[in-house]
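Peer 1: One structure is given below, represented as structure tokens, and several questions about it will come after.
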Amino acid sequence: MDSPHEPLSRRMIGRLLDYIERERLRPGAMLPPEKTLVEALGVSRMVLREGLSHLKALGVITSRRGSGFRLETVDFVTVLGEVLQLAGRCGTAPEPELYELRRVLEIGLVADAVAAARLEDLEEIRAALTELESFTAVADAAAMARFSQAELRFHRALLRPAQCRTLSIIDRALAEFFQYRFAWSETVPQLSADQVRRTNLAHRAIAECFELRDGEAALSLLRRHLGPPRPQSEATERNDASTIK
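Numbered per full-length UniProt numbering, the sequence shown finishes at 245, counting up by one with no gaps.
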């Protein structure tokens, strides 16, 4: 049932999806002609076209001139990546939620990553760690942007052996976000030399677990490094150096 508080475009999407479900249409099936949909859904052509455009942007349907709309199998990870990339470049990515999702994925995957890591993966982890350990203090926006990117590269190197597409998407979104965030922000978090040192000691300890093929220790250290889940209200208010892990 439509909610009067929802935007008209979202209600139209809901009606289209209800129609697809009701008619038991499956990927590969063609949607009926526009005139049929207008009559079945009780909407104007303009509103219908707006709803179809949204579904097309999400990859739910495709179209070719003169052939109508075809229902497709949605690639969730690709759609998520496109949305987060746009949000990251606009500086509107949901940072706390991205971090929490990354935290859950990394903790769930790290033991598998340790078991699957090859020699070239270990070399990449060492190189990423060396880059991180080149930082002393982080005192301005440019340095914080570089440190954030280096930290993301290290975590990416750790988890790459697990071959998780969703985690790769989250990392790319965070990289986009940090690329623009500090250029726009009026207040830039700073890290003292002691904070950088302690952070990198944690990074080194995790990297050594990969060298020792100790997945259980890697899991324990990574969970401690990323910290416990935070309540949503606390995560939303957080906008300081503690977001860098």
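No residue lacks a Cβ here, since even glycine has one placed at the ideal position from N, Cα and C. Given the structure is predicted, the values throughout are model-derived calculations rather than measurements.
In or out: L8 buried (at least 16 other Cβ within 10 Å) or exposed?
Peer 2: Counting Cβ neighbours within 10 Å, L8 comes out exposed, since fewer than 16 surround it.
Peer 1: Please say whether V114 and F177 have beta carbons closer to each other than 7 Å?
Peer 2: no
Peer 1: Any chance the stretch 99-115 sits against the stretch 209-229, with 3 or more Cβ pairs inside 8 Å?
Peer 2: yes
Peer 1: In this structure, does DSSP put S242 in helix, strand or coil?
Peer 2: Any reading at S242 must be qualified, since the residue scores a pLDDT of 43, below 50, and its modelled position is unreliable; no value is offered.
Peer 1: Can you tell me the Cα-Cα spacing of residue 252 and L31, whole angstroms?
Peer 2: Within the shown structure, residues of the chain are numbered from 1 to 245, placing residue 252 beyond reach of any answer.
Peer 1: Using 8 Å as the threshold, is the stretch 107-122 in touch with the stretch 144-162, meaning 3 or more CB pairs across them?
Peer 2: yes
Peer 1: I61 bridges to which residues according to DSSP?
Peer 2: L71
Peer 1: What number of angstroms, rounded off, separates the C-alpha of L129 from the C-alpha of E208?
Peer 2: 11 Å
Peer 1: Taking C-alpha atoms, which residue in D112, E133, L86, S148 lies nearest to A57?
Peer 2: Looking at D112, E133, L86, S148, the one whose alpha-carbon comes closest to that of A57 is L86.
Peer 1: Leaving aside the five residues before and after A217 along the sequence, list all residues of the same chain whose C-beta is less than 8 Å from its C-beta, in chain order.
Peer 2: Within its own chain, the residues whose Cβ lies closer than 8 Å to the Cβ of A217, once the five positions on either side in sequence are excluded, are C209, listed in chain order.
Peer 1: Since I169 and G81 should fall inside the 8 Å C-beta cutoff, what is the C-beta to C-beta distance between them, to a whole number of angstroms?
Peer 2: 4 Å
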